[in-house]
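Asker:
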Amino acid sequence: MRYVIALLAVYVLDVPMREALAAWRARRMARTSGKPLLNVGSGTSTSSATAEKLRGNVNCDIAASRDVKCTSGVVCYCDVGNLFQFANKQFGVVLAANVLRYVSDRTKAEAELHRVADHVIIADNVIAWPQLGPGRKFPTN
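Just so you know, we're using my numbering here: the sequence shown kicks off at 42 and counts up by one.
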């Protein structure tokens, strides 16, 4: 049980700080480049609890509706492995915070990120622990 509590404590501190620092750096680089910031894997909620996740000029997620046009202030559909709706080097910076660990072909995803932006910032947590998802539980031993 102590193991689970320690993992949670480190994760709760590591992930938000890593994402916040990456987002700060991405916004700064985008301003310098004069091109917009693309935030992939932003999530789809715009509630006050998660609105901070919408860090880019364009925010997209695989769970978003395909009917939404990619404009500022909304979350549009995108698959990090196939960013077909974006032109080459359309963005100054692309931010992928805790996204690539969910992708089956990381090499292809990274190539797409580099195709659409001048600079790529990837922020994944560095703690090796089982990812939670439907039917997954923390280890108890």
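Cβ coordinates follow ideal geometry from the N, Cα and C atoms, glycine included. Computed from a prediction, not measured in an experiment: that's the story for all the values here.
Could you please give the first and the last residue of the uninterrupted beta strand (DSSP E) stretch that includes Leu79?
Answerer: 78 to 81
Asker: How many angstroms separate the CA atom of Cys117 from the CA atom of His155?
Answerer: So the two alpha carbons sit approximately 19 Å from each other.
Asker: According to DSSP, is Met58 helix, strand or coil?
Answerer: helix
Asker: What residues in its chain sit with their C-beta under 7 Å from that of Asn123, if we drop five residues either side in the sequence?
Answerer: Glu153
Asker: Are Cys101 and Val115 closer than 7 Å when you measure CB to CB?
Answerer: no
Asker: In the DSSP output, what is Cys101 paired with across the bridge?
Answerer: DSSP lists Val81, Cys117 as partners of Cys101.
Asker: Taking DSSP's pairing of strands, which residues face Val144 in a bridge?
Answerer: Note: Val144 sits in no beta bridge, so no partner.
Asker: For Ile103 and chain C, any beta-carbon pair shorter than 7 Å?
Answerer: Protein chain content of the structure displayed is limited to a single chain, and chain C is not contained in it.
Asker: What does the Cβ neighbour count give for Phe127, buried or exposed, with the cut at 16 atoms within 10 Å?
Answerer: buried
Asker: Closer than 7 Å by C-beta to Trp65: which residues in its own chain qualify, once you throw out the five before and the five after it? Chain order, please.
Answerer: none
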